[in-house]
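Under my numbering, the residues of the sequence shown are numbered 145 to 332, in order.
For glycine and all other residues, C-beta sits at the position ideal for the given N, C-alpha and C.
Keep in mind that this is a model prediction, so the values were computed, not measured.
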Amino acid sequence: VITLGDYNQNLTGSTTPLAELNVKKSINIINPLTVKYRSNNEAINNLSDFFEHTNNKVNKVSGTATDKLGISGIQGTAVTNNFGELINQLKVDGDNTSKVVIIASYIPNEIEAWKKQFRELNVNVDVLSTAEAQGITVERVYTIGPSKHDHYSNTSVYTAISRASQFSMLYLPTATEFQNFNNPSDAE
């Protein structure tokens, strides 16, 4: 079997034929001939890789950005367990950039609850599920991490983060330990 695209996305989800064939253990993976990243931002790629290669529940994670949260146009990554910080950064970034909120979940009720909350907050941003976000690239991605850990949690977060080209902010409500570094050379 030859597949194109992301190995994880070809094996997860409810409509993936490969998952139904249970071939994951018998696939011989060949490294891509082209770069797999949508961004040349090392901080985004590192955070994305972290979730791609981790199967355990994540309670400790770090972000690296060019400046502190609350500054318009920062680049890199930021992690928070404070929803207000995510909303504030969305508002600070304004309407002059391509941005999206991605709900990193495959649970329909959870996705709809978050979409409803953003409508009620009247924040000018598209809110998508992980499945809806596959295939897109935007400058700024704000990810709502899953409320519960399951088999697909980290894949959902990895997929969401990897949609960003300049900045990715992860709201991880279950995080107990995280740190954000403000080092411009690490975020570029």
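For E283 versus S306, is the C-beta spacing smaller than 9 Å? No.
Figure out for me which residue from I246, I188, S273 has the closest Cα to the Cα of T210. Residue I188 is the option with its Cα nearest to T210.
Look at the alpha carbon of D294 and the alpha carbon of I280, and state the distance between them as a whole number of angstroms. Approximately 24 Å between the Cα atoms of the pair.
Got a sec? Which residues, its chain only, sit under 6 Å from L213 by beta carbon, not counting five neighbours each side? These residues qualify, in order along the chain: A222, E229, Q233.
Helix, strand or coil for A248, going by three-state DSSP, please let me know. Residue state for A248 is assigned as coil, using DSSP reduced to three classes.
How long is the line joining the alpha carbons of T178 and T303, rounded to whole angstroms? Here the model assigns T178 a pLDDT of 49, short of 50, so the residue's position is not dependable and the matter cannot be decided.
Close Cβ partners of N298 (< 6 Å) along its chain, the five nearest in sequence each way excluded: The answer, listed in chain order, is F195, T198.
Around the Cβ of V236, are there at least 16 other Cβ atoms within 10 angstroms (buried) or fewer (exposed)? By the neighbour-count criterion, in which 16 or more other beta carbons inside 10 Å mark a residue as buried, V236 falls on the exposed side.
Would you kindly check if the distance between the Cβ of I247 and the Cβ of I288 is under 9 Å? Between I288 and I247, the C-beta spacing is below 9 Å.
Of the choices L272, T224, Q278, whose alpha-carbon is the least far from that of T208? The candidate whose alpha carbon is nearest that of T208 is T224.
Return helix, strand or coil for V236, following the three-state DSSP convention. Correct three-state label for V236: helix.
Looking at the structure shown, is R263 part of a helix, part of a strand, or coil, going by DSSP? If DSSP states are grouped into helix, strand and coil, R263 belongs with the helices.
Give the secondary structure of T178 by DSSP, where H, G and I count as helix, E and B as strand, and everything else as coil. At T178 the pLDDT is 49, less than 50, meaning the model places this residue with poor confidence; the figure from the coordinates comes in the next sentence. In the structure shown, T178 sits in coil (DSSP, three-state: anything other than H, G, I, E or B).
So which of D193, N203, E264 has the shortest CA-CA distance to P317? Cα-wise, what sits closest to P317 is N203.
Hey, would you say I218 sits closer than 9 Å to L265, going by beta carbons? No; because the gap between Cβ atoms is not below 9 Å, this pair is not in contact.
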